[in-house]
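One structure below.
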Amino acid sequence: MSKDLAELLFPDIDMDADAYESIYPARDLAEGAVVSRLGPSPTGFIHLGNLYGAFVNERLAHQSGGVFFLRIEDTDEKREVEGAAEALIESLQYFGIRFDEGVTADGESGIYAPYRQSERRDIYRCFVKKLVTEGKAYPCFLTEEEIAEIRASQEAEKLTPGIYGEWARYRDADFDEVKRRLENGEAFVVRFKSCARQVSEGGRVKERATDSAGNAEMAPDGGQAAETVAVCNITVMDGIRGELIMPENSMDVVILKTGGLPTYHFAHVVDDHLMRTTHVIRGEEWLSSLPVHVALFEAMGWKTPIYCHTAVLMKMEGETKRKLSKRKDPELSLAYYRSEGYHPLAVREYLLTIINSNFEEWRAENPIAPIGDFAFTTAKMSRSGTLFDLDKLRDVSKEVMLRIPACELADFIMDWAETSGRNTDELKKGGKEYLQKILDIGRSGEKPRKDLAYGSQIFEFIGYFYEGSFSITDSRPENVPAEDIAKILKEYADVYDHADDQTEWFAKVRELAVNNGYAAKPKDFKKNPEMYKGHVGDVSTVIRIAITGRASSPDLWEIQQILGEQRVKERLLKSRQISKLSIS
RNA sequence: GGCCCUAUGGUCAAGUGGUUAAGACACUGCCCUUUCACGGCAGUAACUCGGGUUCGAGUCCCGAUAGGGUCACCA
2 MSKDLAELLF PDIDMDADAY ESIYPARDLA EGAVVSRLGP SPTGFIHLGN LYGAFVNERL
62 AHQSGGVFFL RIEDTDEKRE VEGAAEALIE SLQYFGIRFD EGVTADGESG IYAPYRQSER
122 RDIYRCFVKK LVTEGKAYPC FLTEEEIAEI RASQEAEKLT PGIYGEWARY RDADFDEVKR
182 RLENGEAFVV RFKSCARQVS EGGRVKERAT DSAGNAEMAP DGGQAAETVA VCNITVMDGI
242 RGELIMPENS MDVVILKTGG LPTYHFAHVV DDHLMRTTHV IRGEEWLSSL PVHVALFEAM
302 GWKTPIYCHT AVLMKMEGET KRKLSKRKDP ELSLAYYRSE GYHPLAVREY LLTIINSNFE
362 EWRAENPIAP IGDFAFTTAK MSRSGTLFDL DKLRDVSKEV MLRIPACELA DFIMDWAETS
422 GRNTDELKKG GKEYLQKILD IGRSGEKPRK DLAYGSQIFE FIGYFYEGSF SITDSRPENV
482 PAEDIAKILK EYADVYDHAD DQTEWFAKVR ELAVNNGYAA KPKDFKKNPE MYKGHVGDVS
542 TVIRIAITGR ASSPDLWEIQ QILGEQRVKE RLLKSRQISK LSIS
């Protein structure tokens, strides 16, 4: 009977489902090797959460000597966005995610192909046919309107909405009716028969947890110790969360849609079995459909993979935390970090600090080791929703930038400026070597500067090295009289010798300061403020503003060396002219 | 609303029955210092609540509360 039904539904499928076992054989991997995958749907938006998940998958597979592959889950034609898969691959690649197998930028690689679910249609249909044959699934002719009605009435009666029990009208429909409807050209979906033990079968007493001594009764205050519930519970071991107790699936969920493509639930079960996935690592939002997946694996007679449900990334909105959303948080898209110019390594490193709680500690002990050396564990993964912290990212980024040689950094900045649409004319004109010198200011030695965090910040930070973006933005220290400016600048220009080393140079600045009534050292000024107009720092600030346009900058001497003698003199002259104008 | 997950400073978090409850970011002050940055020192600030188990609970159990997730022919 069921066999006839299956034949009626899928006359075109004549392949034996078991044959797939040999087409997609078990992987020959060492004990303990993790096979994981990323299964994005190509909807065109990639946010930090995707990267977060990708890292967990990637690390777990690669550090165990396993395989990490990319499968595109494009079973929803309605939401699919043109070119989204390509963009996703490119983006993940930029942030350092390496796949061993699956969909690539220009095709596919691996023997478990195809890796696009839309191309695996017949495989799914073959397994659906098998389930129908075994009486574990059935065609359902409920229309959208009918389902909406059912839902409305269920809600009115405060019942759990869904297709189950008496509402599963076609669950036991007879062959002739199905045949008639099919001949009528009616559209159908295939639903999986829930085999949850229902209340009508006698119900079950919800099991209460027992303490280590075996005492089942933990409510001595007379509270309800036991409660009758609709279905039994199942227990699943989650790789991150440990033992999970959930109600058995009681819905007749759709596994094959009208168009002949499977739903996520069914597709992932078939694929992860056939592709020999050992660990399904995915977001917490999948937790509630876990019972469906477990039931599906059981019905298929397959071993369930180890599920690892990661915490979601949250965002602060007003007073409360909220899950990152595609629509509302464009600034948390991967594209944002790219356009702001965060180095991929920095984003990677930051994500790792929130993925594994002991990463920061490890990093402190191994300041220069590559990320790959860190032993990543699911046990150290956070279970609660994490708030994204931009301050922390920036801090991490500063450390990461310090580890990158100036030469590479210069290339990075050049590339970033180009791709993010900045004006790169001057950058190019100045040349890479010039940029490299600028980026390397104060980065060597015991206590290197940590000025550099990300592209757009750096671009702004080094602006005064380029004539086009150089302008005087800060004003002189308040205690320096306006008439002193031109005088200081003139005297400085007179004694300036580009060949001076840093000590010689500063000695001259100090002398100049003293000659003009400024203290040689800030401490002298603090002790006797009435004796001076200010101190050497004020004089340096005047010079600094003339050279860089700003009251604060890295070491002036180094800046002057990089700018070159001629431009230093030009800027001094220009400032003198401006200050004269402002006096008169 | 049902079900599920989560709960330590503003943020990320150590902590697995006995601690003066780590550390990092951020913040504040001081020191170093020609500015800024770096660095050093110091400081503000936390176990959601109520029961229970125990000699002893942040840690175990139950419950409440709060936040989040999910209840589709979306993944």
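First residue of the first sequence: 2, per my numbering; consecutive thereafter.
Using N, Cα and C, we set each Cβ at its ideal position, and we do this for glycine too.
Strand pairing of residue i, partner residues [DSSP]
i	result
H280	I307
M238	E244
A138	F193
M16	Its beta-bridge partners do not exist; DSSP assigns none.
G108	T105
S334	H48
H536	A520
N357	M382
R117	I73
Own chain residues within Cβ distance below 7 Å of residue i, not counting five before or after
i	result
V190	C141, V255, L257, K258, T259
D75	S42, P43, E81, R117, Q118, S119
V539	Before going further, note that residue 539 is Asp rather than Val in the sequence given. For D539, where only same-chain residues beyond five positions count, the Cβ hits under 7 Å are P478, N480, V481, Y519.
G136	S3
T387	A312, L314, M315, I355
L6	V133, F176, V179
P162	R152, Q155, E156
L183	L9
E285	H310, T311, A312, V313
R170	L143
D239	L245, Y308, C309, H310
E361	T354
Bounding residues of the beta strand (DSSP E) (the contiguous stretch that carries residue i)
i	result
E22	Taken as a continuous stretch (DSSP letters only), E22 belongs to no beta strand (DSSP E), being part of the alpha helix (DSSP H) at 20 to 24.
F70	68 to 71
Y39	As written in the sequence, residue 39 is Leu, which differs from the Tyr given in the question. Per DSSP, L39 belongs to the beta strand (DSSP E) from 36 to 39.
E102	102 to 105
I256	255 to 257
Endpoints, the alpha helix (DSSP H) within which residue i is located
i	result
F267	265 to 275
Y435	433 to 440
L6	3 to 10
E484	483 to 496
M587	Limits of the chain in this structure are 2 at one end and 585 at the other, which puts residue 587 out of reach.
D416	407 to 420
L143	No alpha helix (DSSP H) contains L143, which DSSP labels as neither H nor E.
Y95	85 to 95
S457	456 to 462
R182	176 to 184
W558	557 to 564
Own chain partners of residue i with C-beta closer than 8 Å, once the 5 adjacent residues on each side are dropped
i	result
D273	R38, V281, P306
I414	G342, L428, L436, L440, G456, I459, F460
E202	Model confidence at E202 stands at a pLDDT of 35, short of 50, so the residue's coordinates are unreliable; what they give is reported in the following sentence. Cβ within range, chain order: n/a, list empty.
P221	Reliability fails at P221, whose pLDDT of 31 lies under 50, so the model's placement of it is uncertain and no value is given.
I563	Y435, K438, I439, I442, F466
A27	R277
K491	R577
W303	V270, H274
Closer than 8 Å: residue i CB and nearest the ligand MN heavy atom
i	result
K451	Only the bare structure without any ligand can be found here, which leaves the ligand MN out of the picture.
Distance between beta carbons of residue j and residue i, contact taken as under 8 Å
i	j	result
V237	L291	6 Å
I489	L513	7 Å
F128	D101	Going by Cβ atoms, the distance from F128 to D101 rounds to 26 Å, so no, they are not a contact pair.
T279	V36	5 Å
Other residues of its chain near residue i: CB distance less than 6 Å, five sequence neighbours each side excluded
i	result
A407	Q437, L440, D441
P433	According to the sequence provided, residue 433 is Lys. The question's Pro does not apply to it. A411.
P115	R121
N216	Because N216 sits at a pLDDT of 32, beneath the cut-off of 50, its placement in the model cannot be relied upon, and the following sentence gives the value as read from the coordinates. Result list for N216: empty, nothing under 6 Å.
H536	Y519, A520, P523, F526
M586	There is no way to answer for residue 586, as the model of the chain reaches only from 2 to 585.
V496	K509
Would you be able to state if there are at least three C-beta pairs under 8 Å between the segment 241 to 248 and the segment 344 to 352? no
Between the segment 538 to 546 and the segment 477 to 491, do at least 3 Cβ pairs fall closer than 8 Å? yes
Inter-stretch contact at 8 Å, needing at least 3 Cβ pairs: the segment 131 to 140 / the segment 78 to 94: no
State whether the segment 56 to 65 contacts the segment 373 to 382, with contact taken as three or more CB pairs (one from each stretch) at a distance under 8 Å. yes
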